[in-house]
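**Student:**
There are 4 protein chains.
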Amino acid sequence: MRGNKFGKLFSFVTFGESHGEALGVVLDGVSAGLDFSLEALQLELDRRAPGRVAGTTNRKEADKAEVLSGIFEGKTLGTPIAVIVRNTNQRSKDYDKLKTEYRPGHADETTQNKYGIRDHRGGGRSSGRETLARVIAGYFAGLMIPKIKVRAYISKMGPFESTVEELREREDISPYNFPNTDKNTEIKKYLLGLKANGESVGGRISVLIEGTPVGLGEPAFDKLKADFAKSLLSIGACVSFSFGLGEEMANLMGSEVSTQRGNFGGIEGGISNGEDIFLTTTFKPTSTVGEKAKEGRHDPCILPRAVPVVEAMVKCVLADHLLRQRAYGDGVINE
Amino acid sequence: MRGNKFGKLFSFVTFGESHGEALGVVLDGVSAGLDFSLEALQLELDRRAPGRVAGTTNRKEADKAEVLSGIFEGKTLGTPIAVIVRNTNQRSKDYDKLKTEYRPGHADETTQNKYGIRDHRGGGRSSGRETLARVIAGYFAGLMIPKIKVRAYISKMGPFESTVEELREREDISPYNFPNTDKNTEIKKYLLGLKANGESVGGRISVLIEGTPVGLGEPAFDKLKADFAKSLLSIGACVSFSFGLGEEMANLMGSEVSTQRGNFGGIEGGISNGEDIFLTTTFKPTSTVGEKAKEGRHDPCILPRAVPVVEAMVKCVLADHLLRQRAYGDGVINE
Amino acid sequence: MRGNKFGKLFSFVTFGESHGEALGVVLDGVSAGLDFSLEALQLELDRRAPGRVAGTTNRKEADKAEVLSGIFEGKTLGTPIAVIVRNTNQRSKDYDKLKTEYRPGHADETTQNKYGIRDHRGGGRSSGRETLARVIAGYFAGLMIPKIKVRAYISKMGPFESTVEELREREDISPYNFPNTDKNTEIKKYLLGLKANGESVGGRISVLIEGTPVGLGEPAFDKLKADFAKSLLSIGACVSFSFGLGEEMANLMGSEVSTQRGNFGGIEGGISNGEDIFLTTTFKPTSTVGEKAKEGRHDPCILPRAVPVVEAMVKCVLADHLLRQRAYGDGVINE
Amino acid sequence: MRGNKFGKLFSFVTFGESHGEALGVVLDGVSAGLDFSLEALQLELDRRAPGRVAGTTNRKEADKAEVLSGIFEGKTLGTPIAVIVRNTNQRSKDYDKLKTEYRPGHADETTQNKYGIRDHRGGGRSSGRETLARVIAGYFAGLMIPKIKVRAYISKMGPFESTVEELREREDISPYNFPNTDKNTEIKKYLLGLKANGESVGGRISVLIEGTPVGLGEPAFDKLKADFAKSLLSIGACVSFSFGLGEEMANLMGSEVSTQRGNFGGIEGGISNGEDIFLTTTFKPTSTVGEKAKEGRHDPCILPRAVPVVEAMVKCVLADHLLRQRAYGDGVINE
């Protein structure tokens, strides 16, 4: 009830401070009998890992997943699945000065005021490291929705922009999660330049969801769009969410919109209509700038590493709604 | 668990189809001993009521609130509060043709597919009428947070735009909920023009929240911004949410953002920092256009009537988080 | 979150004070497309109604169910179902003296202390009348589990005792819900005698559940037996719960128990094993005794009217667990 | 949603199979700033540990608690607290024969049927080892309710019986958790005799709760008695629950009960009245009997080790209700 649980039927709780013993997740809603692969899980974590590509933090941590329960002989048991990742590279003394210093745009001061206490050695519970638990949850969500294809990508990062059409043309867009991979060299140069200047930049991450069955989402508060919004705004640096035509809708007349079903972004009345679903989010620039930002472990742009987190949250929402729809056994989805 | 419940500690469930017997709400999380006024509640409902101003639907329904439980001698009892509004002006035969006809952008087809059955006489559960239950809930949320001032307003409607500064200058902005009330005559003319042409228009509703105590919101999934996002995206026509600088963050450098605390929109690390909170949403144009839209009961623009609904949802989120913070008894908020 | 909600997937919230406008229930978890009969629902309510048989309260209220939402053309819509019962026979002045008087064994004093306010005109929220909302919920639960047969009966009331074998021999055991209906005349005489003396009596209600599929119940906290226990102890006068051999287990050796599967009461490891499930509860005597109890509306024994409430709660637990098991799609139950 | 979570505001999720890597718990509802002692936590775990006293299992496991998150410099942070216990003494080959063999009275067969898969190496998720996670949760619950004294004890074990008065006379009743410690030698002899004969025995555990504030518990479904019932029936071998006079109520007249407030067991209308609360449960005999039961690791009687588990669950319920009552800020409890 302190907000560390996500989901209703496909639900999980995450725990861990950035400089504590470990971070982790307990999933209490995964079906039994699914094939589990530690290697596949680790690959997902590696996509989020720091220090993977030039221009992101060089804080290299193993981020090695350890499964404590819920898996037996390579299959899910239907019991809670606990996975932890130990913090191995804590470098706590780097953070000592933060004890009495609050970083703007971070949770330092609000955490201190909320609880009257905090782990000052880093972001604590509000650190970006918390998102690795989400990536683990997203891996298991993916096992539940094998027919749905969820792909997040950077649609804008500083001067670089990319379209969903560019994404559709490609299967793999690593390492920067930017569809137009021809720009990779330029992006690298751009990010290294930001870093050298102690600067950071925001941008946009979009999501294309293909293969969603008709009927996911509930008509009142748990509309599919509402749960997507919550899931993505729950990511630290995310400051906006839209779906379909999004903010552009403010400039359109009804006659322009109603002609084409695709304009509704795959969701009508809060319920999936079977079309592709399209989401867009805005991420603010990393708050740490100036001399401090030139230190190794800071990301000049969070976007490349945020992409797998966005994908994970979207998958968790879909898995949850799939289970919810299945429970009641009505409508076409269950036929 | 079918998504008709909202909130955790300040929680409520809504019910009712647009052409059924009644709509209503049961609140299970209101403190005892608060002063209740049926008149004040009715005033909130009237702000949302159809047919109130020229240029909106002329479907005039009493929308009269009837309290069934939880109030005794003018005070809340701490027990569940049930309030219903009867549907008096159903005009069901108008809708008969909809039995086999699905309106684009509405929930007609998705509802049919999800459940295998629907009340075809109107939007059913997905009708805008469902929002009157939210306005009732918002009234009670307001009783829980008397020191927080929540004001929603139209920041853009077709060619008309208004700023938060214009809002700050005024106490009352009715009837269009547009801060620059000098434009009321023009707006009226504009909306009547849309109506005559069977056209509709989208826009933006923004929210200014003053007086939020420090420490509301939880660091992981139930960040204050995440719960605001969910609450507003759960409104039918809402297609985007942002807070603080919002989408503009995609175009900014860290050095531009970090200089001013106000840029974080009153929320740092998902937790309120005591500053004003600023939210913005986009609403799509009403989907019904053409000849059908010229009929009396259709709104050419949903925004004026959506403003009290937006306010209500924001209040419900704040009341919920205030109770959550109070429960644990830690931090400055409880001193 | 103030405890007026029951169930997770088959969930409902109840509301209403005994002397307020109405009592009711909103169900948010009933499948779509089920056949609804107002007559059948009313019959369930009538089984609980006061004044039905000699020896129970003569407070005759219509207890007429009114459906406000969720039903369309005789079918459930999958949307929330709201049903209310108006309080027509409030006789409030009878209760005026209770304003400053707390009845022992009732919730009068604890309610006042908990909330700092109460509706003193009767039991308020803690009145036995609250259980009519449960009976309504139980009717809908029954629609979800048509293959499971739930029968509650009085196994002991004062000097009268009856066995599950006597129940198995009969289809209908009304009006006292005592299997050995040959005793009806004696029971009537006994209850009228109690009434004349301002006396009351406790007893036991047992439940036989036939046809439960294998696999309902969860291994840790939501064991089927745990949820049955909670559901029945949530009834006002219920003071004990047991299943299978129950308290007798305290006197048995392992070798005596393990020989026969039936001894485990249909639940092993918290999960149904497909055998008949057998539950027993104890109800305390009505707290009101003496001169006051001779007044018309008091029941000398709550048991006959509690039987349909017990059945309703058991059905709600079963419906909830059936939906939960169905959601995850694993195991034999889904084949 | 698969039933591994307990509590609403003081809530926690447990995980782990008896022969997996580890068992553990994540608490998401502990206040910030409480003093934590690993030694005190370990002492609670040791009370439940196997092999502690003669006549119980000789499966000696370290059951060493490892804190992964939520504690910083000896204080709770208000963030989720994760604690794990590794399984060090798995002896899995002992259990190989169980792959195709279902033990009566255990969850073996129901688990297989429910999930279509199971960890056959032991009780898996349904093993008694799962209760160590509850003991850990109970330790933290205790930190939240320092003024409430919860003491569980064996009131009947085979031929031995003890009363609450005997408990009141003593501060410490270890090692058998039987108040009349003069019987310790006899009990030891009795249990060793059972073991030698491959026999087991059931009994009763009672609980005395002193110092509960007035006003805990909710009037409808979350009555304090109902939540106690659920919490205790969620323990594997528990087959009955009662409070106050319990089953004896079936034999009493109203006039006998209403004379003394103590007869209501500290709970009126589901809400604590400030008096001592008295609970009683029945535990069935361990299901494993015969030659198999003579092997070292089997307990001839689960009661001595179940006592700290019962205490833990009761504390968790009280902490949860204390937080719930505090949240709403009404009534005497908050003054």
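Protein chains in written order, with our numbering: chain A, 8 to 342; chain B, 8 to 342; chain C, 8 to 342; chain D, 8 to 342. The C-beta atom is built at its ideal place from N, Cα and C for all residues, glycine as well.
Just to check my reading of the structure: Val324 (chain B) and Phe235 (chain B) have Cβ atoms closer than 8 Å, yes? What is that Cβ distance to the nearest angstrom?
**Tutor:** 6 Å
**Student:** Measure the beta-carbon distance from Ile242 (chain D) to Ala313 (chain D) and round it to whole angstroms, keeping in mind my assumption that it falls under 8 Å.
**Tutor:** 7 Å
**Student:** For Leu286 (chain D), go through chain C and note every residue whose CB falls closer than 9 Å to its CB, in chain order.
**Tutor:** Ordered by position in chain C, no residue passes the 9 Å Cβ test against Leu286 (chain D), which lies about 10 Å from the chain.
**Student:** Please return the same chain residues whose Cβ sits closer than 7 Å to the Cβ of Leu48 (chain B), not counting the five positions on each side in sequence.
**Tutor:** Ala72, Ile143 and Tyr146
**Student:** With DSSP as the reference, identify every bridge partner of Ile78 (chain B), one or two as the case may be.
**Tutor:** B:Thr83
**Student:** What separation, rounded to the nearest whole angstrom, lies between the Cα atoms of Phe6 (chain C) and Glu318 (chain D)?
**Tutor:** Outside the displayed span of chain C (8 to 342) sits residue 6 (chain C), for which this structure offers no information.
**Student:** What number of angstroms, rounded off, separates the C-alpha of Asp229 (chain B) from the C-alpha of Glu108 (chain C)?
**Tutor:** Here the alpha carbon of Asp229 (chain B) sits roughly 44 Å from the alpha carbon of Glu108 (chain C).
**Student:** I'd like to know if Gly276 (chain C) contacts chain A, where contact means its C-beta is closer than 8 Å to some C-beta of that chain.
**Tutor:** no
**Student:** Do you know offhand how far Thr118 (chain C)'s Cα is from Asn258 (chain C)'s?
**Tutor:** Those two C-alpha atoms are separated by around 39 Å.
**Student:** Any beta carbon of chain F sitting closer than 8 Å to that of Gly269 (chain D)?
**Tutor:** Looking for chain F here will not work: the only protein chains present are A, B, C and D.
**Student:** Would you verify that the beta carbon of Met8 (chain C) is, or is not, closer than 8 Å to some beta carbon of chain B?
**Tutor:** yes
**Student:** Count the other CB atoms, across all protein chains shown, that sit within 10 Å of the CB of Arg175 (chain B); report buried if there are 16 or more and exposed otherwise.
**Tutor:** exposed
**Student:** When Cβ atoms are compared, which residues of the region 119–146 of chain C fall closer than 9 Å to chain B?
**Tutor:** Lys121, Tyr122, Gly123, Ile124, Arg125, Asp126, His127, Arg128, Gly131 and Arg132
**Student:** Quick one: Cα of Val316 (chain C) to Cα of Asp283 (chain C), how far?
**Tutor:** 20 Å
**Student:** Using the Cβ count rule (16 or more neighbours within 10 Å means buried), how would you classify Gln332 (chain D)?
**Tutor:** Result: buried.
**Student:** Buried or exposed for Glu342 (chain A), please, with buried defined as at least 16 other CB atoms from any protein chain shown within 10 angstroms of its CB.
**Tutor:** Note that Glu342 (chain A) scores 35 on pLDDT, short of 50, meaning its location in the model is unreliable; the coordinates nonetheless yield the value given after this. Answer is exposed; the Cβ neighbour count stays below 16.
**Student:** I want to verify the contact list: residues of chain A whose CB lies under 9 Å from the CB of Lys104 (chain B), in sequence order.
**Tutor:** By Cβ distance, chain A contributes nothing, its closest Cβ being about 18 Å from Lys104 (chain B), past 9 Å.
**Student:** Evaluate Glu178 (chain D) with the Cβ neighbour count: other Cβ atoms within 10 Å of its Cβ, from every protein chain shown; 16 or more gives buried, anything less gives exposed.
**Tutor:** exposed
**Student:** So with Cβ pairs under 8 Å, would you call Leu240 (chain A) a contact of chain B?
**Tutor:** yes
**Student:** Beta strand (DSSP E) containing Thr295 (chain D): first to last residue?
**Tutor:** First-last for Thr295 (chain D): undefined, no H or E at that position.
**Student:** When the distance is taken between beta carbons, is Gly31 (chain D) closer than 8 Å to Ala89 (chain A)?
**Tutor:** yes
**Student:** Whose C-beta lies closer than 8 Å to the C-beta of Glu193 (chain A) among residues of the same chain, with five residues either side of it excluded?
**Tutor:** Phe167
**Student:** Give the secondary structure of Val157 (chain C) by DSSP, where H, G and I count as helix, E and B as strand, and everything else as coil.
**Tutor:** strand
**Student:** Excluding the 5 residues flanking Thr21 (chain A) on each side, which residues of the same chain have their C-beta closer than 6 Å to its C-beta?
**Tutor:** Asn11, Val32 and Ala140
**Student:** When you compare only the Cα positions, how much space is there between Val339 (chain A) and Glu80 (chain C)?
**Tutor:** With a pLDDT of only 48 at Val339 (chain A), under 50, the local geometry of the prediction cannot be trusted, and the value read off the model is given with reservation. Going from the Cα of Val339 (chain A) to the Cα of Glu80 (chain C) covers about 20 Å.
**Student:** Under 8 Å, Cβ to Cβ, is there at least one residue of chain C near Gly36 (chain B)?
**Tutor:** With 8 Å as the cut-off, Gly36 (chain B) counts as an interface residue toward chain C.
**Student:** Can you find the residues in the same chain that come closer than 6 Å, C-beta to C-beta, to Asp126 (chain D), ignoring five residues on each side of it along the sequence?
**Tutor:** Glu24
**Student:** What separation, rounded to the nearest whole angstrom, lies between the Cα atoms of Ile309 (chain A) and Thr219 (chain C)?
**Tutor:** Answer to the nearest angstrom: the Cα atoms are 53 Å apart.
**Student:** Would you mind sorting Lys154 (chain C) into buried or exposed? The rule is 16 or more other CB atoms within 10 Å of its CB.
**Tutor:** exposed
**Student:** Where does the unbroken alpha helix (DSSP H) through Ile309 (chain B) begin, and where does it stop?
**Tutor:** Membership of Ile309 (chain B) in any alpha helix (DSSP H) is not indicated, and neither H nor E is assigned to it by DSSP.
**Student:** Taking 8 Å as the limit between beta carbons, can you name the residues of its chain near Lys299 (chain A), skipping five residues before and five after?
**Tutor:** Gly205 and His305
**Student:** Considering only residues of the same chain and omitting the five flanking positions on each side of Ala233 (chain C), which have a CB-CB separation below 6 Å?
**Tutor:** So the list is empty, once near-sequence residues are dropped.
**Student:** In this structure, what does DSSP give as the bridge partners for Thr21 (chain B)?
**Tutor:** Per the DSSP secondary-structure output, Thr21 (chain B) pairs in a beta bridge with B:Val32.
**Student:** With a threshold of 8 Å between beta carbons, is Gly16 (chain C) in contact with chain B?
**Tutor:** Reading off the sequence shown, one finds Leu at residue 16 (chain C), where the question assumed Gly. Closer than 8 Å: yes.
**Student:** Nearest-angstrom Cα distance between Gly14 (chain B) and Asn94 (chain A)?
**Tutor:** 34 Å
**Student:** Determine, for Thr86 (chain A), whether the minimum Cβ-Cβ distance to residues of chain C falls below 8 Å.
**Tutor:** yes
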